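Chemist: My questions will all concern the structure given below.
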Amino acid sequence: MLSDNTEPNERTFHNTEAPYVLPNDLEELSRLNLQHYIIRYYRKGNYGAPIDKNITRILDVGCGTGIWCKDMANEFPNALFDGVDINDGIDAENLFPNFTFKQADIMKGLPYKDNTFDFVFQRLLVAGMPASAWPKLCQELIRVVKPGGWVEIIETDIYFRDYGPAWKRLEPYFTAFMKKRGIDPYVVKEIPNFVKQGGLINVHHSRHISPMGISGGEIDKFMVKDLAMVFGAMKPLFVAASGMTGEKVDQLLEDFQSECFEYKTYGFAYHTWGQKSF
Ligand SMILES: C[S@@+](CC[C@H](N)C(=O)[O-])C[C@H]1O[C@@H](n2cnc3c(N)ncnc32)[C@H](O)[C@@H]1O
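Using the UniProt record's numbering, the first residue of the sequence shown is number 1, and each one after it goes up by one.
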């Protein structure tokens with residue numbers, strides 16, 4: 001069910017206590033699907049952890065449209081997939097036969113028993129979690145994975161490097177808005193520490209450039225478009241916080257896109273995985 005919490009720009013947002021900043025409408029769900037393929041291209045696959053091809057239980061935390069599970073099911077046709085998200089914006093129950101969806105606020109804990117899954121995956125929850133919630137969230141991911149199973153987290157810090165004047169104008173409002181909700185995207189650098197403190201072993205952590213105009217490849221155009229859609233969804237925020245007109249914000253978001261290529265803008269993605277001890 002989509003929320004009826006309609007904002008002035010007619011996008012719909014989660015009608016819950018959770019601080020997640022992005023909409024839950026069909027436009028956003030399409031964006032998430034596009035974003036899945038961009039990330040899969042950049043990360044050269046759907047996952048990094050050295051999981052066994054014979055595993056049978058896989059969980060996606062904050063599963064969005066369920067597209068990661070659906071794609072993974074091609075690689076793990078015999079596995080059962082579970083997805084949990086605060087939003088049930090898709091017909092999640094009928095996504096594919098081996099998929100079970102639960103609607104839940106993961107800040108209140110994961111609705112699964114201890115030691116249930118072989119592989120627990122979570123991607124891009126940074127805009128939904130207050131910084132203070134991350135250690136507990138990591139503990140929850142570890143709680144529900146089986147001994148010997150793997151937990152994997154992919155995140156971005158949403159701080160761009162080498163950007164032009166348009167983002168320079170918008171960025172302070174964006175940062176202030178996140179801060180007001182307790183969200184500090186730099187917290188994602190601490191994920192390896194949180195999972196080690198939670199008991200994971202064999203922890204891998206790597207930082208990767210997210211090209212937004214730096215690689216010169218076609219895929220950058222999709223990434224920049226994806227980000228413009230993210231910030232476009234926040235247009236009412238920019239208007240309210242800055243006093244700029246909607247037209248001015250639209251213009252800045254247009255300029256942001258061309259400037260990404262002009263200034264060779266990039267960001268960072270953080271990829272962490274680790275194993276629960278036996
Ligand atoms: C940026 S999307 C990423 C979706 C998916 N992981 C992917 O990579 O395609 C973040 C997702 O987290 C979900 N989310 C945000 N806060 C949440 C919460 N407190 N509990 C459960 N899900 C949440 C949102 O509804 C959204 O589907």
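Virtual Cβ for every residue (Gly too), placed ideally from N, Cα, C.
A quick note: this is a predicted structure, and the numbers were derived from the prediction, not measured.
Alpha carbon to alpha carbon, how far is Glu152 from His204?
Modeler: Taking the first residue of the sequence shown as position 1, residue 152 is located at position 152. Taking the first residue of the sequence shown as position 1, residue 204 is located at position 204. Rounded to whole angstroms, Glu152 to His204 spans 9 Å at the Cα level.
Chemist: Hey, could you find the ends of the alpha helix (DSSP H) Glu152 is sitting in?
Modeler: Working through the sequence shown from its first residue, we reach residue 152 at position 152. From DSSP, Glu152 is part of no alpha helix (DSSP H) but of the beta strand (DSSP E) over Val145 to Thr156.
Chemist: Within 10 angstroms of the Cβ of Thr65, are there 16 or more other Cβ atoms? Answer buried if so, exposed if not.
Modeler: On the sequence shown, position 65 is the one that residue 65 refers to. Result: buried.
Chemist: So, is Leu22 buried or exposed, given that buried needs 16 or more other C-beta atoms within 10 angstroms?
Modeler: Taking the sequence shown and counting its residues from 1, the one referred to as residue 22 is at position 22. By the neighbour-count rule (16 or more Cβ atoms within 10 Å), Leu22 is buried.
Chemist: Please report the straight-line C-alpha distance between Asp114 and Val144, rounded to a whole angstrom.
Modeler: For the purposes of this step, residue 114 is taken as residue 114 along the sequence shown, with counting starting at 1. For the purposes of this step, residue 144 is taken as residue 144 along the sequence shown, with counting starting at 1. Rounded to whole angstroms, Asp114 to Val144 spans 4 Å at the Cα level.
Chemist: Would Phe121 be called buried (16 or more neighbouring beta carbons within 10 Å of its own) or exposed?
Modeler: Along the sequence shown, one-based indexing puts residue 121 at 121. Buried, because 16 or more other Cβ atoms sit within 10 Å of the Cβ of Phe121.
Chemist: Ignore the nearest five residues each way along the sequence and tell me which others in Glu259's own chain have a CB closer than 6 Å to its CB.
Modeler: One-based indexing of the sequence shown puts residue 259 at position 259. So the list reads Gly164 and Ala166, once near-sequence residues are dropped.
Chemist: From the DSSP output, which residues share a beta bridge with Arg57?
Modeler: Within the sequence shown, the letter at position 57 stands for residue 57. Arg57 is bridged to Leu80.
Chemist: Would you decide whether Gly62 is buried or exposed? Buried here means 16 or more other CB atoms lie within 10 Å of its CB.
Modeler: Translated into the one-based positions of the sequence shown, residue 62 becomes position 62. Classification of Gly62: buried, given that the 10 Å Cβ count is 16 or more.
Chemist: Distance, Cα to Cα, Phe119 vs Ala240?
Modeler: The sequence position of residue 119 within the sequence shown is 119, counting from 1. The sequence position of residue 240 within the sequence shown is 240, counting from 1. The straight-line gap from Cα to Cα measures roughly 42 Å.
Chemist: Between Met107 and ligand 1, is the CB less than 7 Å from at least one heavy atom?
Modeler: For this step, residue 107 is matched to residue 107 along the sequence shown. The answer is yes for Met107.
Chemist: Leaving out five residues before and five after Gln139 in sequence, what residues of the same chain have Cβ atoms less than 7 Å from its Cβ?
Modeler: Translated into positions along the sequence shown, residue 139 becomes position 139. Contacts found: Gly198.
Chemist: If we count Cβ pairs, one from each stretch, closer than 8 Å, do we get three or more for the segment 243-257 versus the segment 35-47?
Modeler: Because the criterion of three Cβ pairs below 8 Å is not met, the segment 243-257 and the segment 35-47 do not touch.
Chemist: If we ignore side chains and look at the alpha-carbon of each, how far apart do Ser206 and Thr156 end up?
Modeler: Within the sequence shown, residue 206 is the residue found at index 206, counting from 1. Within the sequence shown, residue 156 is the residue found at index 156, counting from 1. Taking C-alpha positions only, Ser206 is separated from Thr156 by approximately 12 Å.
Chemist: Could you give the C-beta distance for Val187 and Trp134, rounded to a whole number, given that I count them as a contact under 8 Å?
Modeler: The count along the sequence shown starts at 1 and reaches residue 187 at position 187. The count along the sequence shown starts at 1 and reaches residue 134 at position 134. About 5 Å separates the two Cβ atoms, so the contact holds.
Chemist: Below 8 Å on the Cβ atoms is my guess for Asn33 versus Ile67; work out the distance and round it to an integer in Å.
Modeler: Here residue 33 corresponds to residue number 33 of the sequence shown, with the count starting at 1. Here residue 67 corresponds to residue number 67 of the sequence shown, with the count starting at 1. Indeed they touch by this definition, with Cβ atoms about 5 Å apart.
Chemist: In or out: Leu253 buried (at least 16 other Cβ within 10 Å) or exposed?
Modeler: The sequence position of residue 253 within the sequence shown is 253, counting from 1. Result: buried.
Chemist: Within 10 angstroms of its Cβ, does residue 291 collect 16 or more other Cβ (buried), or is it exposed?
Modeler: Nothing in the structure corresponds to residue 291, since the chain is present only between 1 and 278.
Chemist: Rounding to the nearest angstrom, what Cα-Cα distance links Phe231 and Thr175 in this structure?
Modeler: On the sequence shown, residue 231 is found 231 positions in, with the first residue counted as 1. On the sequence shown, residue 175 is found 175 positions in, with the first residue counted as 1. Between Phe231 and Thr175, the C-alpha separation is close to 12 Å.
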